[in-house]
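Student: One structure, as structure tokens, below. Some questions next.
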Amino acid sequence: MTSEPLPADRRLAAEALAADDPTGWFEPLYVEAAAGTSVVPWDRDEPNPLLADWFAERTGPTGGTALVVGCGYGTDAEHVAAQGFRTTAFDVAATAIREARARFPQSPVTYTVADLLNPPAAWRGAFDLVVESITVQSLPPEVHATAIDGIRAALAPGATLLVVADVSTTAPTAGPPWPLTRAEIDSFADGDITPVRVDLLSRPDIPGLRRWRAEFRRAAA
Ligand SMILES: C[S@@+](CC[C@H](N)C(=O)[O-])C[C@H]1O[C@@H](n2cnc3c(N)ncnc32)[C@H](O)[C@@H]1O
């Protein structure tokens, strides 16, 4: 009996994890995609509908600074910038950042390569809005807490944090992804960062599946 070949993301992730390098599979995946030999499964032409709906319902201020975590090819970052935020978007994969700049040559977004597990010191407390969509879950559970720490650290006083993530079930997961438990979602709140709301929403793109959409606020100074 022959077994099905693993999809590219699982194959490359298995190799990276065997080398104890939790982020080591993203750049090779984007390089394969650039060569046309793999696809990036999370690539979309439209912003994440859970993000777009959140902005459509939102009444808070715009015009501040925003940080988009693990931005990939930049579709969500462009949407955030279009809402009036001075937006920085980063990814650990240099090829993704190059492609984002190529896709949006007139973009006001500052696209940069950075690692959420070791973010630039200058980002501490620097952003009025931080958007995290399915990046933490693309890392193995052992580093989720470090990734969540990095996201929290970027929040300025009074800032908003939006988190979108798949919902962990009790079944063991051979990731990626490694969806987030309710406890992990709750752990974005810490100290002066408190939950505003935590919703479980249907995925418009995949009927039957649900995602967390959670909003947090850091207390004003
Ligand atoms: C599952 S994709 C999600 C992309 C996008 N946020 C979305 O919602 O479609 C995860 C992205 O995060 C990036 N990434 C993973 N770990 C990262 C890290 N430690 N620092 C920065 N980017 C990271 C990957 O290269 C990839 O582009």
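Residue 70 is where the sequence shown starts when you use the numbering used here, and the numbers rise one by one after that.
Cβ coordinates follow ideal geometry from the N, Cα and C atoms, glycine included.
No experiment lies behind these values; they were computed from the predicted model shown.
Do G153 and T131 have their beta-carbon atoms positioned less than 8 Å apart in this structure?
Tutor: A contact, by the Cβ cut-off of 8 Å.
Student: What does the alpha-carbon distance come out to for the pair P91 and G133?
Tutor: Taking the straight line from one Cα to the other gives about 32 Å.
Student: Hey, is W111 close to ligand 1, as in C-beta under 7 Å from one of its heavy atoms?
Tutor: Checking every heavy atom of ligand 1 against the Cβ of W111, one is found closer than 7 Å.
Student: For F196, collect the residues of the same chain with a Cβ closer than 7 Å to its Cβ; drop the 5 residues on either side in sequence, then sort them by chain order.
Tutor: Excluding positions up to five away in sequence, the list reads T134, A135, L136, A223, L224, A225 and A228.
Student: Look at the alpha carbon of F159 and the alpha carbon of I262, and state the distance between them as a whole number of angstroms.
Tutor: Going from the Cα of F159 to the Cα of I262 covers about 22 Å.
Student: Quick one: does the C-beta of S107 sit closer than 7 Å to a heavy atom of ligand 1?
Tutor: No, ligand 1 has no heavy atom inside 7 Å of this Cβ.
Student: For F102, report the span of its alpha helix (DSSP H) as first-last.
Tutor: For clarity, residue 102 is Ala in the given sequence; the question names Phe instead. Looking at the DSSP string, the run of the alpha helix (DSSP H) that includes A102 is F95 to A103.
Student: Less than 8 Å between the beta carbons of V212 and V182, yes or no?
Tutor: Not a contact, by the Cβ cut-off of 8 Å.
Student: Can you have a look at I166 and say buried or exposed, based on whether 16 or more other CB atoms are within 10 angstroms of its CB?
Tutor: That one is buried.
Student: Please report the Cβ distance between V178 and G143, rounded to the nearest whole angstrom; I am assuming they are in contact, meaning their Cβ atoms lie under 8 Å.
Tutor: Between G143 and V178 the Cβ distance is about 7 Å, and since that is below 8 Å, they are a contact.
Student: What does a CB cutoff of less than 6 Å around T204 pick up in its chain, not counting 5 residues either side in sequence?
Tutor: These residues qualify, in order along the chain: V138 and G139.
Student: What number of angstroms, rounded off, separates the C-alpha of M70 from the C-alpha of P246?
Tutor: Low confidence applies here, because M70 scores a pLDDT of 45, under 50, leaving its location unreliable and the question unanswered by this model.
Student: Looking at the unbroken alpha helix (DSSP H) that takes in W123, where does it start and where does it end?
Tutor: Per DSSP, W123 belongs to the alpha helix (DSSP H) from P118 to E126.
Student: Sort out for me which residues DSSP pairs A234 with in a bridge.
Tutor: Note: A234 sits in a beta bridge opposite W281.
Student: Comparing C-alpha positions only, which one of A83, P273, A288 and V109 sits nearest to R221?
Tutor: Among A83, P273, A288 and V109, the Cα nearest to that of R221 is on A288.
Student: A135 bridges to which residues according to DSSP?
Tutor: Paired residue(s): T156 and L198.
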